[in-house]
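J.: The structure under discussion is supplied below as structure tokens; questions concerning it will follow.
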Amino acid sequence: MTALAMLAAAATTTFNPVEFFQGQTHGDGTLKIIFQSPKRMSVDSQGSMEKDGSLVLKQTIHEPQKPPRTRYWRLRQTGPNRFEGTLTDAASAVRVDVVRERVRIRYKGKDNLDFDQWLAARGPKEVTNTMRVKRFGITVAHFDEVIRKLD
Numbered sequence: 341m342t343a344l345a346m347l348a349a350a351a352t353t354t355f356n357p358v359e360f361f362q363g364q365t366h367g368d369g370t371l372k373i374i375f376q377s378p379k380r381m382s383v384d385s386q387g388s389m390e391k392d393g394s395l396v397l398k399q400t401i402h403e404p405q406k407p408p409r410t411r412y413w414r415l416r417q418t419g420p421n422r423f424e425g426t427l428t429d430a431a432s433a434v435r436v437d438v439v440r441e442r443v444r445i446r447y448k449g450k451d452n453l454d455f456d457q458w459l460a461a462r463g464p465k466e467v468t469n470t471m472r473v474k475r476f477g478i479t480v481a482h483f484d485e486v487i488r489k490l491d
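Residues 341 to 491 in the numbering used here are what the sequence shown spells out, letter by letter.
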């Protein structure tokens with residue numbers, strides 16, 4: 341395959357978040373909140389498909405000095421390269437756009453927080469997650485994580 345053909349194939353490759361998050365995944369990352377020291381966190385997830393084609397993702401978040409907490413995502417495809425849904429700790433609907441090999445997730449949280457995440461595949465079983473959290477347009481936190489598919 342020529343270099344041009346490989347570039348063309350890579351340009352048309354898309355990352356499907358619903359396929360990736362079916363089954364078990366584990367993420368390890370670092371959360372940095374403004375005026376605080378960075379803290380290591382981990383996230384264990386279990387994803388399953390509903391009869392209507394929606395993905396239901398149960399996440400257990402492990403944060404230092406806090407008990408584990410659980411949240412749920414529900415996403416369904418609403419168009420080509422587009423998903424919408426809910427997240428139990430979001431104050432708005434969740435919007436997911438697939439942009440070739442990356443996925444952008446946006447939603448509003450409580451206390452006027454705006455969440456903007458980018459997921460990028462690093463292979464068939466690994467994804468990076470880069471999240472920025474803004475309040476009134478100012479970045480107040482960021483989270484950088486590597487997520488691995490376990491099954």
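From the three backbone atoms N, C-alpha and C, an ideal C-beta is built for every residue, glycine too. Here the structure is a predicted model, which is why all the values come from computation and not from measurement.
1. Taking contact to mean 3 or more Cβ pairs, one atom from each stretch, closer than 8 Å, check whether the segment 379-386 and the segment 420-428 are in contact.
2. Does the distance from the C-beta atom of Arg414 to that of Ser394 stay below 8 Å?
3. Decide if Ala461 is buried, meaning its Cβ has at least 16 other Cβ atoms within 10 Å, or exposed.
4. When the Cα atoms are used, what is the spatial distance from Asp491 to Thr370?
5. Would you please state the rounded distance, in angstroms, between the beta carbons of Asp392 and Arg416? I believe it to be under 8 Å.
6. Do you know offhand how far Phe361's Cα is from Ile373's?
7. Which same chain residues end up closer than 7 Å to Arg409 when comparing Cβ atoms and leaving out the 5 residues on each side of it in sequence?
8. Quick check: what's the CA-CA separation for Val467 versus Thr365?
9. For Ile478, which residues of its own chain have a beta-carbon under 7 Å away from its beta-carbon, when the five flanking residues on both sides are left out?
10. Tell me the DSSP bridge mates of Asp456?
11. Check this for me: beta carbons of Leu505 and Arg442, under 8 Å apart or not?
12. Have a look at Asp451 and Ala481 and give me their C-alpha separation to the nearest angstrom.
T.: Reading it off the structure:
1. no
2. yes
3. buried
4. 24 Å
5. 7 Å
6. 26 Å
7. Ile401
8. 10 Å
9. none
10. Arg446, Arg472
11. Since the displayed the chain opens at 341 and closes at 491, residue 505 lies outside it and no answer follows.
12. 13 Å
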